[in-house]
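**Student:** Got a structure for you, written out below as structure tokens; questions coming shortly.
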Amino acid sequence: ERVRRGQWLGHTGRRIRNVINIGIGGSDLGPVMAYEALRHYSERALCFRFVSNVDGTDFLEATRDLDPAETLFVVSSKTFTTLETMTNAHAARDWLLGGLGGDAAAVAKHFVAVSTNAEKVAAFGIDTANMFGFWDWVGGRYSMDSAIGLSTMLAVGPENFRNMLAGFRQMDEHFRTAPFERNLPVLLG
Numbered sequence: 026e027r028v029r030r031g032q033w034l035g036h037t038g039r040r041i042r043n044v045i046n047i048g049i050g051g052s053d054l055g056p057v058m059a060y061e062a063l064r065h066y067s068e069r070a071l072c073f074r075f076v077s078n079v080d081g082t083d084f085l086e087a088t089r090d091l092d093p094a095e096t097l098f099v100v101s102s103k104t105f106t107t108l109e110t111m112t113n114a115h116a117a118r119d120w121l122l123g124g125l126g127g128d129a130a131a132v133a134k135h136f137v138a139v140s141t142n143a144e145k146v147a148a149f150g151i152d153t154a155n156m157f158g159f160w161d162w163v164g165g166r167y168s169m170d171s172a173i174g175l176s177t178m179l180a181v182g183p184e185n186f187r188n189m190l191a192g193f194r195q196m197d198e199h200f201r202t203a204p205f206e207r208n209l210p211v212l213l214g
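Here it is as structure tokens:
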């Protein structure tokens, strides 16, 4: 909520206006899909973008018109060692530091992590108080309703995110209890 209310300030004291999710696989596809589906509910004062491709053009396009002083990166990696995600996270850190005069302390104000590896998160320069953990047994393709959904929650707000989770629960319950001839996941599978 601090980001959505303009209370999360960057290293220069300016409000965060841009959020870029960095991830790959389930740490990217779920958040992108949910954001696109729920964009109507997004906070329009904020700009949301997603980076997953290690082709540098993807990162350059995501940041081309943004101000580093107003940008927050959400780095989503269970292990914080995923090659594609960490390549993009390092590019993001270089871009940020290049735009903010090279002060490494800026990383703590412009990066949050979604991970299970506090040691690697801290080594990157992210304050572990800004690390959102989740269970290490959650597979990427099943992680959207864990902390991996942080960028989507930032976009649509906690209430709409909870509504989405309630929909997930309803579908789980439907799958568990509906007869096969009326069971939507079975019929669509």
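According to our numbering, the sequence shown is numbered sequentially starting from 26.
Using N, Cα and C, we set each Cβ at its ideal position, and we do this for glycine too.
Looking at C-beta atoms only, is the number of pairs between the region 83 to 96 and the region 59 to 69 that lie closer than 8 Å three or more?
**Tutor:** Contact fails: fewer than three Cβ-Cβ distances are below 8 Å.
**Student:** For the region 127 to 138 against the region 76 to 85, are there 3 or more C-beta pairs whose distance is under 8 Å?
**Tutor:** Segments in contact, no.
**Student:** What alpha helix (DSSP H) runs, 4 residues minimum, are completely inside the region 104 to 182?
**Tutor:** If we require 4 residues or more, the alpha helix (DSSP H) runs fully inside the region 104 to 182 come out as 108 to 124, 132 to 135, 143 to 149 and 175 to 181.
**Student:** Rounded to the nearest angstrom, what separates Ser190 and Glu68 at their Cα positions?
**Tutor:** Here the question's residue 190 lines up with position 165 in the sequence shown. Here the question's residue 68 lines up with position 43 in the sequence shown. Inspection of the sequence shows that residue 190 is occupied by Leu rather than by Ser. About 19 Å.
**Student:** With a threshold of 16 other CB atoms inside 10 Å of the CB of Val216, please say whether the residue is buried or exposed.
**Tutor:** Examination of residue 216 is not possible in this model, given that the chain is present from 26 through 214 alone.
**Student:** CA-CA distance, Ala247 and Thr153?
**Tutor:** Because the chain here runs from 26 to 214, residue 247 falls outside it and cannot be looked at.
**Student:** Distance check for Met196 and Leu125, CA to CA, integer angstroms please.
**Tutor:** Here residue 125 refers to the residue found at position 100 when the sequence shown is read from its first residue. Here residue 196 refers to the residue found at position 171 when the sequence shown is read from its first residue. Cα to Cα, Leu125 sits roughly 46 Å from Met196.
**Student:** Hey, Thr104 and Thr141 are a contact pair by Cβ (cut 8 Å); roughly how many whole angstroms apart?
**Tutor:** Stepping through the sequence shown from its first residue, residue 104 is reached at position 79. Stepping through the sequence shown from its first residue, residue 141 is reached at position 116. Right, the Cβ-Cβ distance comes to about 7 Å (below 8 Å), so this counts as a contact.
**Student:** Apart from the five residues just before and just after Asn208, which ones in its own chain have a Cβ nearer than 8 Å to its Cβ?
**Tutor:** Residue 208 sits at position 183 when you count from the first residue of the sequence shown. The answer, listed in chain order, is His199 and Phe200.
**Student:** Could you compute how far the alpha carbon of Val146 sits from the alpha carbon of Val211?
**Tutor:** In the sequence shown, residue 146 corresponds to position 121, counting from 1. In the sequence shown, residue 211 corresponds to position 186, counting from 1. C-alpha separation (whole angstroms): 40 Å.
**Student:** Which residue marks the beginning of the alpha helix (DSSP H) containing Ser52, and which one marks its end?
**Tutor:** Locating residue 52 in the sequence shown gives position 27, where the first residue counts as 1. Gly51 to Leu63 is the extent of the alpha helix (DSSP H) around Ser52.
**Student:** Under a CB-based cut-off of 7 Å, is Phe105 close to chain C?
**Tutor:** You won't find chain C in this structure, because it holds only one protein chain.
**Student:** How many angstroms separate the CA atom of Ser102 from the CA atom of Asp119?
**Tutor:** Stepping through the sequence shown from its first residue, residue 102 is reached at position 77. Stepping through the sequence shown from its first residue, residue 119 is reached at position 94. Ser102 and Asp119: Cα-Cα distance of roughly 19 Å.
**Student:** With a cut-off of 8 Å on the beta carbons, I'd call Ile173 and Ser77 a contact; round off their distance for me.
**Tutor:** Here residue 173 refers to the residue found at position 148 when the sequence shown is read from its first residue. Here residue 77 refers to the residue found at position 52 when the sequence shown is read from its first residue. No, Ile173 and Ser77 are not in contact; Cβ-Cβ is about 13 Å, not under 8 Å.
**Student:** How many whole angstroms separate the CB atoms of Ala138 and Met156, which I take to be in contact at a CB cut-off of 8 Å?
**Tutor:** Taking the sequence shown and counting its residues from 1, the one referred to as residue 138 is at position 113. Taking the sequence shown and counting its residues from 1, the one referred to as residue 156 is at position 131. Their Cβ separation, rounded to whole angstroms, is 5 Å, which keeps Ala138 and Met156 in contact under 8 Å.
**Student:** Reducing DSSP to helix, strand and coil, say where Val28 ends up.
**Tutor:** Within the sequence shown, the letter at position 3 stands for residue 28. Looking at Val28 - three-state DSSP - the assignment turns out to be coil, as it is neither helix nor strand.
**Student:** For Phe98, report the span of its beta strand (DSSP E) as first-last.
**Tutor:** What you label residue 98 is simply residue 73 of the sequence shown in a count that begins at 1. Note, Phe98: beta strand (DSSP E), Thr96 to Ser101.
**Student:** With DSSP as the reference, please indicate the residues paired to Asn43 in a beta bridge.
**Tutor:** Looking up residue 43 in the sequence shown gives position 18. According to DSSP, Asn43 bridges with Cys72 and Thr96.
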